[in-house]
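To convert a position in the sequence shown, counted from 1, into my numbering, add 759.
Note that beta-carbon positions come from the ideal geometry of N, C-alpha and C, so glycine has one too.
Since the structure is predicted, the reported quantities are computational estimates derived from the model, not experimental observations.
This report refers to the structure that appears directly beneath it.
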Amino acid sequence: YDGLSANFVGTDDVGVGRIATKHLVDLGRKHIAHLGGSDVSTGLDRVQGYRETLRENGLEVRSEYVVMDAHHSAYMDMKALLAMENPPDAVFCYNDPIAMAAMEAVLESGLRVPQDIAIIGCGNEVFHRDCSRQYQLYSAVVELVDHPHKAPQFVGHAGAELRQAGHQHRVVAPGQLDVIGLAARTI
């Protein structure tokens, strides 16, 4: 947190936003939307990573493609994005519950995931779904959430690093990309 005189141990959320958006860019997607979190550091940092990655890859950051605070309205927000004259061909979602709501809206519209619209969320959460659906979800994951056995090692490392620094210091956990086949393989 800029301006706060305190140590910080947490996630590199700008990096997570970059990983997720870069994956969609690497898939060849050109019109990438963002269904974001609330106006707290996690949400603001992830959308910052999204915007930076689009710019670095020569893609337009369209304000109408960025929806913040989509926690309770992701399904309707995705429906609104789909109704646009030029709907997105990919969506980076703040977390996996938002991604699942977006996916439901896409599938109900008769479109395919990821063939028509690629969707990526954050968190690598497990969901039980109707197994007759054919889709794939990508997830930019937070190392400590998905690999809890690594948490004690990371916390111990972070504590040692903070103690050694002796002044305000930041320790961040990296993100990574996992492709999660939910229900079945994409055809």
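Relative to the alpha-carbon of residue 856, which residue among 842, 837 and 809 has its alpha-carbon at the smallest distance?
The shortest C-alpha separation from residue 856 is found at 837.
Looking at C-alpha atoms only, which residue of 833, 881, 859 and 823 is the closest neighbour of residue 843?
Ranking the options by Cα distance to residue 843, first place goes to 823.
Please state whether the Cβ-Cβ distance between residue 825 and residue 795 is less than 8 Å.
Yes, they are a contact pair.
Whose C-alpha, out of 818, 874, 854 and 821, is nearest the C-alpha of residue 829?
Minimum Cα-Cα distance from residue 829 among the listed residues 818, 874, 854 and 821 corresponds to 854.
Quick check for students: name the residue ranges of the alpha helix (DSSP H) that lie wholly in the region 787-818, counting only runs of 4 or more.
Every alpha helix (DSSP H) stretch that sits fully inside the region 787-818 and reaches 4 residues is listed by chain position as 800-815.
DSSP on residue 849, reduced to helix/strand/coil?
DSSP, reduced to helix, strand and coil, places residue 849 within a strand of the structure shown.
Exposed or buried, residue 777, counting other C-beta atoms within 10 Å across all chains shown (16 or more means buried)?
By the 10 Å Cβ count, residue 777 comes out buried.
Counterpart residues of residue 869 in DSSP-defined beta bridges
According to DSSP, which records beta bridges pairwise, residue 869 is partnered with nothing at all.
If you compare alpha carbons, which of 792, 841 and 801 is closest to residue 882?
That would be 801, whose Cα lies nearest to the Cα of residue 882.
Beta-carbon within less than 6 Å of residue 810's beta-carbon, same chain only, minus the 5 sequence neighbours each way: which residues are those?
These residues qualify, in order along the chain: 820.
Between which two residues does the alpha helix (DSSP H) carrying residue 1015 extend?
The chain is shown only over 760 to 946; residue 1015 falls outside these bounds and no answer can be derived.
For residue 834, which residues of its own chain have a beta-carbon under 8 Å away from its beta-carbon, when the five flanking residues on both sides are left out?
860, 861, 863 and 864, listed in sequence order.
Assigned secondary structure, residue 825 (DSSP; H/G/I helix, E/B strand, else coil):
Correct three-state label for residue 825: strand.
When you compare each of 770, 876, 813 and 790 to residue 804 by their alpha carbons, which one comes out closest?
Sorting 770, 876, 813 and 790 by C-alpha distance to the C-alpha of residue 804 places 770 at the top.
Cα-Cα separation between residue 785 and residue 875, rounded to whole angstroms
Near 15 Å, if we compare the C-alpha coordinates of residue 875 and residue 785.
Locate the alpha helix (DSSP H) running through residue 837, then write down its first and last residues.
In the DSSP assignment, residue 837 falls within the unbroken alpha helix (DSSP H) covering 833-841.
With distances taken from CA atoms, which of 841, 847, 845 and 816 is nearest residue 867?
Out of 841, 847, 845 and 816, 841 has the C-alpha closest to the C-alpha of residue 867.
Straight-line CA distance for residue 806 to residue 878?
When rounded, the distance between both Cα atoms is 15 Å.
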